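So in this note's numbering, spot 228 of the sequence shown is number 228, and the numbers just go up one at a time. Even for Gly, the Cβ is constructed at its ideal location relative to N, Cα and C. Nothing here was measured: the structure is a model prediction, and the numbers come from that model.
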Amino acid sequence: MEVIRTLAALRGRLKGEPLVACVPTMGNIHDGHLSLVRIAKSQAPVTITTIFVNRLQFGQGEDFEKYPRTFEDDCAKLEAEGNTIVWAPDEKEMYPEPQTFYVDLPKVSNKLEGRFRPGHFRGMATVVLKLFNSVQPQVAVFGKKDYQQLAIVRQMVDQFALPIKIFPAETVRAEDGLALSSRNRYLSPAERKEATRLREAIIGVRDAVLGGDRNFIAMEYAAGALLARHGWNVDYVVVRNQRAVLRPDNTDKALVILGAAKLGQTRLIDNIEVQAP
Ligand code: PAF
1 MEVIRTLAAL
11 RGRLKGEPLV
21 ACVPTMGNIH
31 DGHLSLVRIA
41 KSQAPVTITT
51 IFVNRLQFGQ
61 GEDFEKYPRT
71 FEDDCAKLEA
81 EGNTIVWAPD
91 EKEMYPEPQT
101 FYVDLPKVSN
111 KLEGRFRPGH
121 FRGMATVVLK
131 LFNSVQPQVA
141 VFGKKDYQQL
151 AIVRQMVDQF
161 ALPIKIFPAE
171 TVRAEDGLAL
181 SSRNRYLSPA
191 ERKEATRLRE
201 AIIGVRDAVL
211 GGDRNFIAME
221 YAAGALLARH
231 GWNVDYVVVR
241 NQRAVLRPDN
251 TDKALVILGA
261 AKLGQTRLID
271 NIEVQAP
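Right under this line is the structure:
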């Protein structure tokens, strides 16, 4: 596997490559990321995993400095998975001068995750656009675990007419259903056991939707109350449309239930798509 650090070297290496699939990451690679690499490999002969911890998408109180940086370990996992290239620019390479141009996002980016992490999606979309311009892939793979991120990237690609196919990847889960996340490592053994309740609460809402119930606000409230009774600090459990992650209107059938809540000090997110009858 090749490790490339500079934009010039990346461009040189990719010159003439007709089909490249990109997996953008901030490192700390786990099985969830590796599943994205597997999808990338099924789409293109050359796969590039980018590793860059993007300061722009961290808000105040979110510890950019403490974000786990595990580069050697990440490369070993990616190499074992058959990834072709790791592009790992440092901050000076990615932002040679302070970034003063940003992607201006629609209102949805201030809702749900955006409400609890102001500026996060603006920083995310800005670096993703820059990664796309640097790598110029034909395909890019994003996990459904970060559902709002995926929706924003898809809309950005559509509205800026970027010639990139965005490939959504299913969330990878532990045996008991917990979505894999770098944050799971912060859960105590008791919290780890309790952590599956977020998904269970979301499944409860999904089952009600499948049963034909469209009283979403009542379902959202019941799911939040269930979590709160078990000691969770709930940010939201909501039903949204899949397209724009906005409140569904009466005709929306392709829905997604999203939840975010804190267990002790650890904030977990999860979601499930559902087709309403
Ligand atoms: O999902 C992530 O790891 C990041 O938000 C991304 C897409 C790599 C942009 O920094």
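Taken in chain order, the complete beta strand (DSSP E) segments of 3 or more residues contained in the region 108-134 number zero; there are none. Using a 10 angstroms sphere on the CB of Lys15, the tally of other CB atoms stays under 16, which defines it as exposed. The C-alpha of Leu268 lies about 10 Å from the C-alpha of Ser182. For Gly143, the enclosing beta strand (DSSP E) stretches over residues Val139 to Gly143. Note that the region 81-94 does not touch the region 153-161; fewer than 3 beta-carbon pairs, one per stretch, sit closer than 8 Å. Secondary structure of Gln275 (DSSP, three-state): strand. Note: Gly259 is bridge-paired with Val237 and Asp270 in the DSSP secondary-structure output.
Where Ala21 is concerned, the enclosing beta strand (DSSP E) starts and stops at Val20 to Thr25.
Set against 7 Å, the gap from the CB of Thr49 to the closest heavy atom of the ligand PAF is not smaller. Shown here, Glu2 sits in a strand according to DSSP, grouped into three states.
Annotation: the continuous alpha helix (DSSP H) that includes Lys77 extends over Phe71 to Glu81. Here Val205 is near Val239, since their CB atoms are less than 8 Å apart.
The nearest non-hydrogen atom of the ligand PAF is less than 7 Å from the C-beta of Val128. Placement of the Cβ of Gln149 at a distance of less than 7 Å from at least one heavy atom of the ligand PAF is found. It is roughly 11 Å from the alpha-carbon of Ile203 to the alpha-carbon of Val237. Taking all protein chains shown into account, Thr100 has fewer than 16 neighbouring C-beta atoms within 10 Å of its C-beta and is therefore exposed. Excluding residues up to 5 positions away in sequence, Val23, Thr47, Thr49, Leu78, Glu81 and Asn83 lie with their Cβ nearer than 7 Å to the Cβ of Val37 in the same chain. The beta carbon of Val3 is closer than 7 Å to those of Cys75, Val86 and Ala88 in its chain, skipping five residues each way along the sequence. A Cβ-Cβ contact shorter than 8 Å links Leu56 with Val127.
The Cβ-Cβ distance between Gln138 and Lys165 falls below 8 Å.
In terms of side-chain proximity, the C-beta atom of Gln155 is found no nearer than 7 Å to any non-hydrogen atom of the ligand PAF.
Look at Arg206 here: in three-state DSSP terms it is helix. Taking 7 Å as the cut-off, one finds at least one heavy atom of the ligand PAF near enough to the beta carbon of Asp146. Secondary structure of Pro106 (DSSP, three-state): coil. For Pro168, there is no enclosing alpha helix (DSSP H); the residue is found in the beta strand (DSSP E) stretching over Lys165 to Ala169.
Distance between Glu194 and Gly32, taken at the CA atoms: about 21 Å.
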